[in-house]
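There are 2 protein chains.
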Amino acid sequence: MNGAGQSTLSRDEAFSRIRLLRSPNIGPVSYNQLLRRFGTATAAIEALPDLAARGGAPYRPAATSRIEAEVAAVRKAGARYLFHDGPDYPALLSALENPPPILTVRGDASLLARPSVAVVGARNASAAAVKLSRDFAIALAGRGYAVISGLARGIDAAAHRGALAGMADGGGTVGVIASGIDIAYPPENAELQEQVASEGLLIAEMAPGTEPLARHFPHRNRIIAGLATGTLVVEAAPKSGSLITARLAAESGREVMAIPGSPLDSRSHGCNQLIRDGAILVQSPEDVIELLIGFEGQPRSTFREGGLEFVVSDADEPADIASLLTLAPVGVDELIRQSGASAGSVQMALLELELAGRLARHAAGRVSLSSN
Amino acid sequence: MNGAGQSTLSRDEAFSRIRLLRSPNIGPVSYNQLLRRFGTATAAIEALPDLAARGGAPYRPAATSRIEAEVAAVRKAGARYLFHDGPDYPALLSALENPPPILTVRGDASLLARPSVAVVGARNASAAAVKLSRDFAIALAGRGYAVISGLARGIDAAAHRGALAGMADGGGTVGVIASGIDIAYPPENAELQEQVASEGLLIAEMAPGTEPLARHFPHRNRIIAGLATGTLVVEAAPKSGSLITARLAAESGREVMAIPGSPLDSRSHGCNQLIRDGAILVQSPEDVIELLIGFEGQPRSTFREGGLEFVVSDADEPADIASLLTLAPVGVDELIRQSGASAGSVQMALLELELAGRLARHAAGRVSLSSN
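Just so you know, the sequences run in chain order A and B. According to our numbering, the first sequence holds residues 1 to 372 in order. According to our numbering, the second sequence holds residues 1 to 372 in order.
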């Protein structure tokens, strides 16, 4: 694995971090809590079996052989890891509530420091929308912007192709995929994905070898929206994934832009509705640039600087929280109030339940018993 | 002339009002000031020569023979007069800053009491926009709305035709023309104009016999915007008359709506820009109805109840205002402040200058010396 840029991260600790994140029932929240509590991933992994036992279940961290194979696969793919606290980790993404703790990337990570626009839309787009996607991407990449998209058919592919054709002044394109870094999907975009990796930047959250399952796409969409200063929807059906990406962008305080179309063309309805809901109507790349130049890019919260509301301390004993939980999500604040325990001990109890596979985490920091 | 509905207006006084409005240098502001000062148009006309002489010029009111001919032409056209303080005068129009004091109308004036939408747009509209205009008008007139437009080619004609085809539940169509009530323009819409007059309502501000000159169209646009609860622009070029109508609607506190289109079609740019500037994007007649149902229709000021800021009283002597005026428009407040005279005497002095052809009135009540 290439640890360049992770100046304070030893090879062993980097390995442990990957192993920690791939261990059962570990998500971004518990990963970060464990790092906070134990200082290093190596120490956290040592402590995991004891912690989990207190939650009521035996526990085995991910096997080292599996992580060794993953690291070899990443190296073989010509990729490397980015860790959430490393200097290469994209600042805007780290401003999300629970950003991915580890990414794998191929290509030019300096694109992550460029002003950026996500260009997204339908796979079965109209010819006019494909042309618009390409034209906008050519102009934006030519003005130094990183054009971010999801390497899907239709709008995504046209955006990547346009950016590759037009890139200048440090601009380029970033492809975010739902599979592992070593898997190309859809097959007809395999060549384009390779070109994005060699001339731009390719990003995957999932471990190498992971096939792009339906449940991975919302995570990919969240990264696309989170990487970009603004998200432009070119053409999208109502209730499509592109509109979810737009909503995620809005929730992260980013600009949301949409290209309108005639109501007589049903493929325009998603974008038109988005504009009715508050997205900015854009007609030209200049409209996009004018809008984003004024964007302050202020993260609303930063994972990097300690996005956690509660820091788990050794001094606290875990509270009996399991009895307060049901299948209905509830705020951690409410659990603290009801239990009368300290914030730290409530967080500790939740962590133990999570490791035991008994906890589900929801949006806005809410938790419930797992329905599994 | 048909005085029905003007319950307190005698035949002679109605005649004098028409004569007053058609007299030289009389506009809506001076017309209203003279009615206020002298109580009746008959008394105002008697006083006009003396008043004007104080402004420095001889003055002759419109000849009675000319007004007799006008009244005969209105009757011959099957039309009648509406006066600004009559019960049939449209309430929303009377909420404008200086509404037309007298209108001529043909047809069903009860349409003026219906909820109303102005549907406007380009003369050289695309086939798709013509279809949209017609479809929206069919649906709106079918839901009891009065569809108001300007009887021009393209979007206007399609809106009238759609409303005539779809009208139900008290809905219908209102055509506002820039010519006199007895002139059809453009020629190819003569039959449509006749149908609007017989099945809907036709409105003209200009005296019968007046040809539609370019300078009349802004007045027509202002009436269209002023009659309607909201103005819908279907397709319009940037800087077109339709966008001026939309701006007038917005300035009068009415809803402004626009139908979007692809940026690849330059004919969409006017509407798209309007949406960027704050107009509501609408995709369907239901969008329009939903928006207008919530409209309170509160007039911001009413001519009918005394929209004048200053009432001219007999007690005041005119101030020497001419020396304060230049070709640059200035607020009446500023003139009052600089002259040290009372509001009433400043208004009187302005009225005298206007009658003498030396005053020009501008938007927001500002005045200047006339450049003629």
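Cβ coordinates follow ideal geometry from the N, Cα and C atoms, glycine included.
ask   = Measuring CA to CA, which of Met257(A), Gly230(A), Ser252(A), Pro218(A) is closest to Ile244(A)?
value = Here residue 244(A) corresponds to residue number 244 of the first sequence, with the count starting at 1. Considering only alpha carbons, the answer is Pro218(A).
ask   = Since Met348(A) is in the alpha helix (DSSP H), which residue starts that stretch and which ends it?
value = Here residue 348(A) refers to the residue found at position 348 when the first sequence is read from its first residue. Residues 343-355.
ask   = If you drop the 5 nearest sequence neighbours on each side, which residues of the same chain put their C-beta closer than 6 Å to that of Ala52(B)?
value = Position 52 of the second sequence, counted from the start, is the residue given in the question as residue 52(B). Within the same chain, Ala52(B) has close Cβ partners Tyr59, Leu355, Ala356.
message = Quick check: is the beta carbon of Ser94(A) nearer than 8 Å to any beta carbon in chain B?
response = Within the first sequence, numbered from 1, the residue matching residue 94(A) stands at position 94. Not an interface residue.
ask   = Listing by chain order, which chain B residues have their CB less than 7 Å from the CB of His269(A)?
value = Position 269 of the first sequence, counting from 1, holds the residue named residue 269(A). Neighbours of His269(A) on chain B, chain order: Gln283.
message = Please state the DSSP three-state secondary structure of Gly55(B).
response = In the second sequence, counting from the first residue as 1, residue 55(B) sits at position 55. Reduced to three states, the DSSP call for Gly55(B) is helix.
inquiry  = Quick check on DSSP: helix, strand or coil for Leu21(B)?
reply    = By 1-based counting over the second sequence, the position of residue 21(B) is 21. Three-state DSSP puts Leu21(B) in a helix.
Residue-chain proximity (Arg222(B), chain A), Cβ-Cβ < 8 Å = What you label residue 222(B) is simply residue 222 of the second sequence in a count that begins at 1. Closer than 8 Å: no.
request  = With DSSP as the reference, please indicate the residues paired to Thr255(A) in a beta bridge.
outcome  = Looking up residue 255(A) in the first sequence gives position 255. With the sequence shown as reference, residue 255(A) is identified as Glu, and Thr is not the correct amino acid for it. Per DSSP, Gly230(A).
ask   = For Leu369(B) and chain A, any beta-carbon pair shorter than 8 Å?
value = On the second sequence, position 369 is the one that residue 369(B) refers to. False, the Cβ-Cβ gap to chain A never drops below 8 Å.
ask   = With 16 other CB atoms within 10 Å as the buried threshold, where does Ala157(B) fall?
value = Walking along the second sequence from the start, residue 157(B) turns up at place 157. So Ala157(B) counts as buried.
ask   = Between Ala178(A) and the rest of its own chain, which residues show a CB-CB distance below 6 Å, the 5 nearest in sequence each way excluded?
value = Here residue 178(A) corresponds to residue number 178 of the first sequence, with the count starting at 1. Excluding residues within five positions, the ones whose Cβ falls inside 6 Å are Pro212, His216, Phe217, Arg220.
inquiry  = So the candidates are Thr104(B), Pro28(B), Ile224(B); which of them puts its Cα closest to the Cα of Ala363(B)?
reply    = Start at 1 with the first residue of the second sequence, and residue 363(B) comes out as number 363. With distances taken between Cα atoms, Ala363(B) lies closest to Pro28(B).
task = Note down the Cα distance separating Met289(B) from Leu140(B), rounded to an integer number of angstroms.
result = What you label residue 289(B) is simply residue 289 of the second sequence in a count that begins at 1. What you label residue 140(B) is simply residue 140 of the second sequence in a count that begins at 1. With the sequence shown as reference, residue 289(B) is identified as Ile, and Met is not the correct amino acid for it. So the two alpha carbons sit approximately 8 Å from each other.
ask   = What did DSSP end up calling Thr64(A) once you bin it into helix, strand or coil?
value = For the purposes of this step, residue 64(A) is taken as the residue at position 64 of the first sequence. Helix at Thr64(A).
Exposure label - Arg254(A); buried when at least 16 CB within 10 Å = Working through the first sequence from its first residue, we reach residue 254(A) at position 254. When all chains shown are included, Arg254(A) counts as buried.
query = If you measure from the beta carbon of Leu377(A) to each beta carbon in chain B, is any gap under 8 Å?
reply = The requested residue 377(A) does not occur in the structure, where chain A is confined to residues 1 to 372.
ask   = What are the residues of the region 117-148 of chain A that lie near chain B, defined by any Cβ-Cβ distance shorter than 8 Å?
value = Ala128, Lys131, Leu132
task = Quickly, what does DSSP pair Arg80(B) with across the bridge? List them, please.
result = Here residue 80(B) is taken as the residue at index 80 of the second sequence, counted from 1. DSSP lists Val105(B) as partners of Arg80(B).
query = So, helix, strand or coil for Thr245(A), using DSSP?
reply = Stepping through the first sequence from its first residue, residue 245(A) is reached at position 245. Here Thr245(A) sits in helix by DSSP.
query = Which word fits Thr229(A), buried or exposed, when buried means at least 16 other C-beta atoms lie within 10 angstroms of its C-beta?
reply = As a working mapping, residue 229(A) is identified with position 229 in the first sequence. Per the 10 Å Cβ criterion, buried.
ask   = Between which two residues does the alpha helix (DSSP H) harbouring Leu292(B) extend?
value = Working through the second sequence from its first residue, we reach residue 292(B) at position 292. Here the alpha helix (DSSP H) through Leu292(B) covers 285-293.
query = For Arg358(A), does the three-state DSSP call read helix, strand or coil?
reply = In the first sequence, counting from the first residue as 1, residue 358(A) sits at position 358. In the structure shown, Arg358(A) sits in coil (DSSP, three-state: anything other than H, G, I, E or B).
message = Measuring CB atoms only, is the region 125-145 of chain B touching the region 258-274 of chain B, in the sense that at least three cross pairs come out at less than 8 Å?
response = yes
request  = Please name the residue or residues paired with Ser116(B) in a DSSP beta bridge.
outcome  = Locating residue 116(B) in the second sequence gives position 116, where the first residue counts as 1. Answer is Ala146(B), bridged to Ser116(B).
task = Please go through the same chain and pick out, in chain order, the residues whose beta-carbon is closer than 8 Å to the beta-carbon of Ala315(A), but skip the five residues on each side of it.
result = If you number the first sequence from 1, residue 315(A) lands on position 315. Low confidence applies here, because Ala315(A) scores a pLDDT of 40, under 50, leaving its location unreliable; read the following figure in that light. The residues are Gly344.
key: Boundaries (first-last residue) of the beta strand (DSSP E) holding Val367(A)   = One-based indexing of the first sequence puts residue 367(A) at position 367. Its beta strand (DSSP E) spans residues 367-369.
query = Does Gly150(A) come within less than 8 Å of chain B when only Cβ atoms are used?
reply = As a working note, residue 150(A) is residue 150 in the first sequence. By this cut-off, Gly150(A) is not an interface position.
query = Measuring CB to CB, does Val332(B) end up less than 8 Å from Pro208(B)?
reply = Translated into the one-based positions of the second sequence, residue 332(B) becomes position 332. Translated into the one-based positions of the second sequence, residue 208(B) becomes position 208. Against a cut-off of 8 Å, the Cβ pair of Pro208(B) and Val332(B) comes out as no contact.
key: Contact list for Gly261(A) against chain B, beta-carbon separation under 8 Å   = Position 261 of the first sequence, counting from 1, holds the residue named residue 261(A). Result: Pro260, Gly261, Ser262.
message = According to DSSP, is Gly270(B) part of a helix, a strand, or is it coil?
response = Here residue 270(B) corresponds to residue number 270 of the second sequence, with the count starting at 1. Helix.
key: Interface flag, Arg276(B) vs chain A, CB-CB below 8 Å   = Taking the first residue of the second sequence as 1, we reach residue 276(B) at position 276. Judged by the 8 Å Cβ criterion, Arg276(B) is in contact with chain A.
key: Partner residues on chain A for Asn272(B), Cβ-Cβ distance less than 8 Å   = In the second sequence, residue 272(B) corresponds to position 272, counting from 1. Within 8 Å Cβ-Cβ: Pro260, Leu281, Gln283.
inquiry  = DSSP three-state label for Gly180(B), please.
reply    = Stepping through the second sequence from its first residue, residue 180(B) is reached at position 180. In this structure, Gly180(B) counts as coil in the three-state DSSP scheme.
request  = Take Arg366(B) and list the residues in its own chain whose beta-carbon comes closer than 7 Å to its own, dropping the five residues that flank it on each side.
outcome  = Translated into positions along the second sequence, residue 366(B) becomes position 366. Only Pro329, Val330, Gly331 meet the Cβ criterion.
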